[in-house]
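S.K.: First residue of the sequence shown: 2, per the numbering used here; consecutive thereafter. The C-beta atom is built at its ideal place from N, Cα and C for all residues, glycine as well. Here's a structure for you.
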Amino acid sequence: MKRRTGRPGTQAYYDALKHIFELESGVLTATLPHAGERGRNDEERFRAFLSKVLPRRFSIGTGFLVCSNPAVPPSRQVDTVIYDEIHNSPLHRELAAYVFPIEMIYGTVEVKGLLTPNDLVPALQSIAGIRHLATEKSYIVSFSPRPSVCATGHPSHSRTLGLAASDSFCRDRPRANRSDAQARA
Numbered sequence: 002m003k004r005r006t007g008r009p010g011t012q013a014y015y016d017a018l019k020h021i022f023e024l025e026s027g028v029l030t031a032t033l034p035h036a037g038e039r040g041r042n043d044e045e046r047f048r049a050f051l052s053k054v055l056p057r058r059f060s061i062g063t064g065f066l067v068c069s070n071p072a073v074p075p076s077r078q079v080d081t082v083i084y085d086e087i088h089n090s091p092l093h094r095e096l097a098a099y100v101f102p103i104e105m106i107y108g109t110v111e112v113k114g115l116l117t118p119n120d121l122v123p124a125l126q127s128i129a130g131i132r133h134l135a136t137e138k139s140y141i142v143s144f145s146p147r148p149s150v151c152a153t154g155h156p157s158h159s160r161t162l163g164l165a166a167s168d169s170f171c172r173d174r175p176r177a178n179r180s181d182a183q184a185r186a
């Protein structure tokens, strides 16, 4: 393949990624004799592709989605889950699949090598199930609306200032030892 000179641009980069993905999927996956293994191979290839092109703050996996309402059943197995692993963690990690709380999910993808009418109804049911789980999202916020840092100093050392990371610490300090802003709050 001849190398281009100059700046090919972003579109050429994505065209090349698409071409590589199509080659790998069409030629390499097609050599597998079992349809289920071909499908699983396509899913793995797609997840690897997303890992290359998405920002690192997004994690890629596969598994089941759940919500905090025990009356709502978990999702069906989801081929590709895009989730936040920086601020959250899957509830359960197995080698083949994870269990994700719906609150940490950015998106899901069902991977089909060939979408047939018989595949369409289960795919739409899966989407509907995930959307229902999303209506049950529940975020727990455990912080005080007041600032959690205050300034305090010792009366005999007027130039010494300390910081405390606890609201109760600030409230328990004598007003004379608090900064003007904290004393008025």
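Okay, do the region 14–32 and the region 73–87 touch, 3+ Cβ pairs below 8 Å being the bar?
M.R.: Judged by Cβ distances under 8 Å, the region 14–32 makes no contact with the region 73–87, as fewer than three pairs qualify.
S.K.: Please go through the region 37–108 and give each complete beta strand (DSSP E) segment of 3 or more residues, from N-terminal end onward.
M.R.: The region 37–108 contains these whole beta strand (DSSP E) runs: 60–67, 79–84, 99–102.
S.K.: Near E25, which residues of its chain fall below 7 Å by C-beta distance, leaving aside the five closest residues on each side in sequence?
M.R.: Looking up residue 25 in the sequence shown gives position 24. Counting only Cβ-Cβ distances below 7 Å, and skipping sequence neighbours, we find R46.
S.K.: Any idea which residues DSSP pairs V110 with across the strands?
M.R.: Reading the sequence shown from its first residue, position 109 is the one you call residue 110. Beta-bridge pairing links V110 to T81.
S.K.: Of the residues N119, L115, K138, which one's Cα is nearest the Cα of F101?
M.R.: The residue labelled residue 101 in the question sits at position 100 within the sequence shown. Among N119, L115, K138, the Cα nearest to that of F101 belongs to K138.
S.K.: Is the region 65–74 close to the region 87–105, with three or more CB pairs under 8 Å?
M.R.: In short, these stretches touch, since the Cβ pair count reaches three.
S.K.: Between the Cα of L55 and those of Y84, P34, G10, Q126, spot the shortest distance and give me the residue it belongs to.
M.R.: In the sequence shown, counting from the first residue as 1, residue 55 sits at position 54. The shortest C-alpha separation from L55 is found at Y84.
S.K.: Use the C-beta contact count for S149: other C-beta atoms within 10 angstroms, 16 or more gives buried, fewer gives exposed.
M.R.: The residue you call residue 149 lines up with position 148 of the sequence shown. Bear in mind that the predicted position of S149 carries a pLDDT of just 44, short of 50, making it unreliable; the figure below should be weighed with that in mind. With fewer than 16 other Cβ atoms within 10 Å, it is exposed.
S.K.: Spatial neighbours of V73 within its chain, please: C-beta separation below 6 Å, excluding the five flanking residues on both sides.
M.R.: The residue labelled residue 73 in the question sits at position 72 within the sequence shown. Hits under 6 Å: E137.
S.K.: Please state the DSSP three-state secondary structure of Y15.
M.R.: Indexing the sequence shown from 1 puts residue 15 at position 14. In this structure, Y15 counts as helix in the three-state DSSP scheme.
S.K.: Taking the continuous alpha helix (DSSP H) assigned at H1, which residues delimit it?
M.R.: Because the chain is modelled from 2 through 186, residue 1 falls outside the range shown and cannot be assessed.
S.K.: Do I103 and A135 count as a contact pair if the criterion is CB distance below 8 Å?
M.R.: As a position in the sequence shown, residue 135 is number 134, starting the count at 1. As a position in the sequence shown, residue 103 is number 102, starting the count at 1. Yes, Cβ-Cβ distance for A135 and I103 is below 8 Å.
S.K.: To the nearest angstrom, how far is the alpha carbon of A17 from that of A49?
M.R.: The sequence position of residue 17 within the sequence shown is 16, counting from 1. The sequence position of residue 49 within the sequence shown is 48, counting from 1. When rounded, the distance between both Cα atoms is 16 Å.
S.K.: Report the three-state DSSP secondary structure of S139 (helix, strand or coil).
M.R.: Translated into the one-based positions of the sequence shown, residue 139 becomes position 138. Coil, per DSSP.
S.K.: H35 by DSSP, collapsed to three states: which one?
M.R.: Numbered from its first residue, the sequence shown carries residue 35 at position 34. It is coil, neither helix nor strand.
S.K.: How many angstroms separate the CA atom of E44 from the CA atom of V112?
M.R.: To locate residue 44, count along the sequence shown from 1; it is residue 43. To locate residue 112, count along the sequence shown from 1; it is residue 111. So the two alpha carbons sit approximately 6 Å from each other.
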